[in-house]
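Numbering (our numbering), first residue to last: 4 to 127. The beta carbon of each residue, even a glycine, is placed where N, CA and C say it ideally should be.
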Ligand SMILES: [Mn+2]
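Encoded structure:
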């Protein structure tokens with residue numbers, strides 16, 4: 004099984020600096036080339052600099068990142084999200100609109116005879 008684990012992108016939305024924009028472009032190009040290359044992508048916390056699941060809106064600055072996640076999912080990649088130490092306010096948007104599985108603390112699976120345990124790790 005081809006697994007990719009990423010964390011702590013802290014994708015910015017409030018007045019991004021030139022460095023933030025460069026980081027965002029690196030993230031987006033990485034996700035673009037990741038299409039078709041992984042069976043499972045684990046978003047291991049703090050992907051967004053802040054996520055809040057309002058009832059009717061999403062932060063528009065995240066749109067390019069959300070599109071990439073949607074495209075990965077549509078291409079057959081399973082997406083799992085584990086909360087990080089900046090992540091508390093998840094609701095139905097990621098699971099219902101992007102098909103991302105939410106895990107608050109940790110995630111484990113067995114793949115290719117290996118037992119794998121993933122968590123954000125800030126409490127250890
Ligand atoms: Mn963190």
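Pick out whichever of the options has its Cα sitting closest to the Cα of residue i.
{"i": "residue 122", "options": "102, 94 and 83", "result": "83"}
{"i": "residue 38", "options": "26, 29, 12 and 77", "result": "77"}
{"i": "residue 45", "options": "127, 34 and 85", "result": "85"}
{"i": "residue 95", "options": "118, 57 and 117", "result": "57"}
{"i": "residue 126", "options": "34, 54 and 109", "result": "109"}
Using a Cβ-Cβ cutoff of less than 7 Å, which residues in the same chain neighbour residue i once the five nearest sequence positions on both sides are dropped?
{"i": "residue 40", "result": "5"}
Can you give me the Cβ contacts of residue i inside the same chain, cut-off strictly under 6 Å, excluding the 5 residues immediately before and after it?
{"i": "residue 42", "result": "4 and 5"}
{"i": "residue 89", "result": "49"}
{"i": "residue 120", "result": "111"}
{"i": "residue 87", "result": "48, 49 and 123"}
Within the continuous beta strand (DSSP E) that includes residue i, where are the two ends?
{"i": "residue 81", "result": "81-85"}
{"i": "residue 91", "result": "Run containing residue 91: none; DSSP gives neither H nor E here."}
Using the Cα positions of residue i and residue j, report the straight-line distance between them to the nearest angstrom.
{"i": "residue 112", "j": "residue 104", "result": "13 Å"}
{"i": "residue 118", "j": "residue 81", "result": "17 Å"}
{"i": "residue 67", "j": "residue 99", "result": "18 Å"}
Original post:
Hey, is the region 27-36 in contact with the region 65-81, meaning 3+ C-beta pairs nearer than 8 Å?
Top reply: yes
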